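Chains as they are written, first to last, in this note's numbering: chain A, 2 to 192; chain B, 35 to 177.
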């Protein structure tokens, strides 16, 4: 415990009454009033003021501490949400890529089926026309009928049919070759 | 009343809470707060070098962020190197019994659960402080 002289005690009391300035902190706990009632009252009121301000500060600090805790929890929650979102985004990207691949395959299959149908129809038409004109030409030959017109027609027809059929087959082969090459190239890119 | 207390905790706001709570409850006259275990170790080394008085009681946080070792390791080091007459324990929001057992093994004398209402626990702790000083009080968890 420490003791103060009378002059200092008086100055402290005057400072408190005139300017409302009081001693603060733990020093108040070790000052001895030495039986001076006036100074004892001063010390008591200083301690009470100090306690009041500390109580207020403690409440504010606790509130801030609580808010900080909540903020930290929110931050962690948000970070987890972000991670979940990123994972969901990656999963949806993967699913989109798979769907695109499936669509590509489906489109190709549809194209091949269409090309197949066209080829079938074209071959039937070519064969049909060829057979019919050949039969007509054969009939004119066997029956010894005037066949100049049908002969030239048969010859022209066959040359046109042959040319066209080679052209069709060539086009189909070309399309198929191009499609295969494109497919292989795409696979390499995906790898 | 305890003459001097050392608090080792990374949370600055808790320093203020602890200081005000100690002051309001007339627990300590002098309180020093340190942010990391490394700083605390250096502080003790300096005290020994300069032949200064050690704190009467040390409160150590369990997980001191920004330190190269945790609170239990700090308790162990202080006890091993400077433990003579120093009351030391953990102050943490954790109530993990395994950690408490480790702290006891490292030489901690008490474990105070850190929460919004720290004052009643500190009051109970002060009542038992004499037992800790004389090394007769058992390890206790203040919940």
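Idealized CB from N, CA, C, for every residue including glycine.
The structure presented is a predicted model; accordingly, all values stated were derived computationally and were not measured.
Next on the checklist: 7 Å is my cut-off, CB to CB: does residue 191 (chain A) come that close to chain B?
Outcome noted: Position 190 of the first chain, counted from the start, is the residue given in the question as residue 191 (chain A). Low confidence applies to residue 191 (chain A): its pLDDT is 45, below 50, so where it sits in the model is not reliable, and the reading given next is rough at best. With 7 Å as the cut-off, residue 191 (chain A) does not count as an interface residue toward chain B.
Checklist entry - Run through DSSP, which three-state label would residue 93 (chain B) get? => result Translated into the one-based positions of the second chain, residue 93 (chain B) becomes position 59. Residue 93 (chain B): strand per DSSP, three-state reduction.
Checklist entry - How many angstroms separate the CA atom of residue 85 (chain A) from the CA atom of residue 65 (chain A)? => result Along the first chain, read from residue 1 onward, the residue named residue 85 (chain A) stands at position 84. Along the first chain, read from residue 1 onward, the residue named residue 65 (chain A) stands at position 64. Taking the straight line joining both Cα atoms gives about 30 Å.
Item to check | Proximal residues of chain B, C-beta to C-beta of residue 30 (chain A) below 8 Å | outcome: Here the question's residue 30 (chain A) lines up with position 29 in the first chain. By Cβ distance, chain B contributes 35, 60 and 63.
Checklist entry - Quick one, are the C-beta atoms of residue 95 (chain B) and residue 130 (chain B) less than 7 Å apart? => result Counting from one through the second chain, the residue named residue 95 (chain B) turns up at place 61. Counting from one through the second chain, the residue named residue 130 (chain B) turns up at place 96. Cβ atoms of residue 95 (chain B) and residue 130 (chain B): not closer than 7 Å.
Item to check | Residues bridged to residue 36 (chain B) [DSSP beta-bridge criterion] | outcome: For the purposes of this step, residue 36 (chain B) is taken as the residue at position 2 of the second chain. Answer by DSSP bridge pairing, in chain order: B:62.
Checklist entry - For residue 128 (chain B), which three-state DSSP category applies? => result For this step, residue 128 (chain B) is matched to residue 94 along the second chain. Residue state, collapsed to three classes: coil.
Checklist entry - Can you list, in chain order, the residues of the stretch 141–154 of chain B whose Cβ is nearer than 7 Å to any Cβ on chain A? => result 150
Checklist entry - With distances taken between CB atoms, is the gap from residue 120 (chain A) to residue 173 (chain A) smaller than 7 Å? => result Residue 120 (chain A) sits at position 119 when you count from the first residue of the first chain. Residue 173 (chain A) sits at position 172 when you count from the first residue of the first chain. Yes; because the gap between Cβ atoms is below 7 Å, this pair is in contact.
Checklist entry - Between the stretch 117–137 of chain B and the stretch 90–109 of chain B, do at least 3 Cβ pairs fall closer than 8 Å? => result yes
Checklist entry - Looking only at C-alpha atoms, which of B:41, B:164 and B:49 sits nearest to residue 71 (chain B)? => result As a working note, residue 71 (chain B) is residue 37 in the second chain. Ranking B:41, B:164 and B:49 by Cα distance to residue 71 (chain B) puts B:41 first.
Checklist entry - Using the beta-carbon count (16 or more within 10 Å), is residue 57 (chain B) buried or exposed? => result Counting from one through the second chain, the residue named residue 57 (chain B) turns up at place 23. Flag for residue 57 (chain B) reads buried.
Next on the checklist: Closer than 7 Å between beta carbons: that is the criterion. Which residues of the stretch 60–75 of chain A meet it against chain B?
Outcome noted: 62, 63, 65, 66, 67 and 69
Item to check | For residue 33 (chain A), the nearest candidate out of A:10, A:71, A:20 and A:169 (CA to CA) | outcome: Taking the first chain and counting its residues from 1, one reaches residue 33 (chain A) at position 32. The candidate whose alpha carbon is nearest that of residue 33 (chain A) is A:10.
Checklist entry - Beta-carbon separation of residue 47 (chain A) and residue 72 (chain A) under 7 Å? => result The count along the first chain starts at 1 and reaches residue 47 (chain A) at position 46. The count along the first chain starts at 1 and reaches residue 72 (chain A) at position 71. Their beta carbons are not under 7 Å apart, which means residue 47 (chain A) does not touch residue 72 (chain A) by this criterion.
Checklist entry - What are the residues that DSSP puts in a beta bridge with residue 121 (chain A)? => result As a first step, residue 121 (chain A) must be located in the first chain, where it is residue number 120. Residue 121 (chain A) is not bridged to any residue.
Checklist entry - Considering only the beta carbon of each residue, do residue 162 (chain B) and residue 58 (chain A) sit closer than 7 Å? => result Along the second chain, one-based indexing puts residue 162 (chain B) at 128. Along the first chain, one-based indexing puts residue 58 (chain A) at 57. Not closer than 7 Å, so no.
Checklist entry - Going by Cα to Cα distance, which pick from A:40, A:15 and A:16 is closest to residue 4 (chain A)? => result Here the question's residue 4 (chain A) lines up with position 3 in the first chain. The shortest C-alpha separation from residue 4 (chain A) is found at A:40.
Checklist entry - Which parts of the stretch 52–111 of chain A are runs of the beta strand (DSSP E), unbroken and 3 residues or longer, counting only runs that do not cross its ends? => result none
Checklist entry - Checking contacts by CB at 7 Å: is residue 160 (chain B) closer than that to chain A? => result Working through the second chain from its first residue, we reach residue 160 (chain B) at position 126. No, residue 160 (chain B) lies away from the interface with chain A (no Cβ there is under 7 Å from its Cβ).
Checklist entry - At a CB-CB cut-off below 9 Å, which residues of chain A make contact with residue 81 (chain B)? => result On the second chain, residue 81 (chain B) is found 47 positions in, with the first residue counted as 1. Residues of chain A passing the Cβ test: none, with the nearest at roughly 20 Å.
Checklist entry - What residue range is occupied by the uninterrupted beta strand (DSSP E) comprising residue 147 (chain B)? => result Along the second chain, one-based indexing puts residue 147 (chain B) at 113. That run of the beta strand (DSSP E) goes 144–147.
Item to check | chain A within 7 Å of residue 41 (chain B), Cβ atoms only | outcome: For this step, residue 41 (chain B) is matched to residue 7 along the second chain. Not an interface residue.
Item to check | Where the beta strand (DSSP E) containing residue 161 (chain B) begins and where it ends | outcome: Stepping through the second chain from its first residue, residue 161 (chain B) is reached at position 127. It is not in any beta strand (DSSP E) - residue 161 (chain B) instead sits in the alpha helix (DSSP H) that spans 153–167.
Checklist entry - Do you know whose CA, among B:174, B:166, B:169 and B:38, lies nearest residue 86 (chain B)'s CA? => result Counting from 1 along the second chain, the entry for residue 86 (chain B) is found at position 52. Of B:174, B:166, B:169 and B:38, the residue nearest in Cα terms is B:38.
Checklist entry - So which residues of chain B does residue 58 (chain A) contact, with C-beta pairs closer than 8 Å? => result Here residue 58 (chain A) is taken as the residue at index 57 of the first chain, counted from 1. Near residue 58 (chain A) (Cβ distances below 8 Å), the residues of chain B are 50 and 54.
Checklist entry - Between which two residues does the alpha helix (DSSP H) containing residue 20 (chain A) stretch? => result Position 19 of the first chain, counted from the start, is the residue given in the question as residue 20 (chain A). It spans 7–20 - the alpha helix (DSSP H) in which residue 20 (chain A) sits, taken as one unbroken run.
Checklist entry - Under a three-way DSSP split, which group does residue 41 (chain B) fall into? => result The count along the second chain starts at 1 and reaches residue 41 (chain B) at position 7. Three-state result, residue 41 (chain B): strand.
Checklist entry - Expressed to the nearest angstrom, what Euclidean distance is found between the alpha-carbon atoms of residue 165 (chain B) and residue 172 (chain B)? => result The sequence position of residue 165 (chain B) within the second chain is 131, counting from 1. The sequence position of residue 172 (chain B) within the second chain is 138, counting from 1. For residue 165 (chain B) and residue 172 (chain B), the distance between alpha carbons rounds to 8 Å.
Item to check | First through last residue of the beta strand (DSSP E) which encompasses residue 175 (chain B) | outcome: Walking along the second chain from the start, residue 175 (chain B) turns up at place 141. Run containing residue 175 (chain B): 174–176, per the beta strand (DSSP E) assignment.
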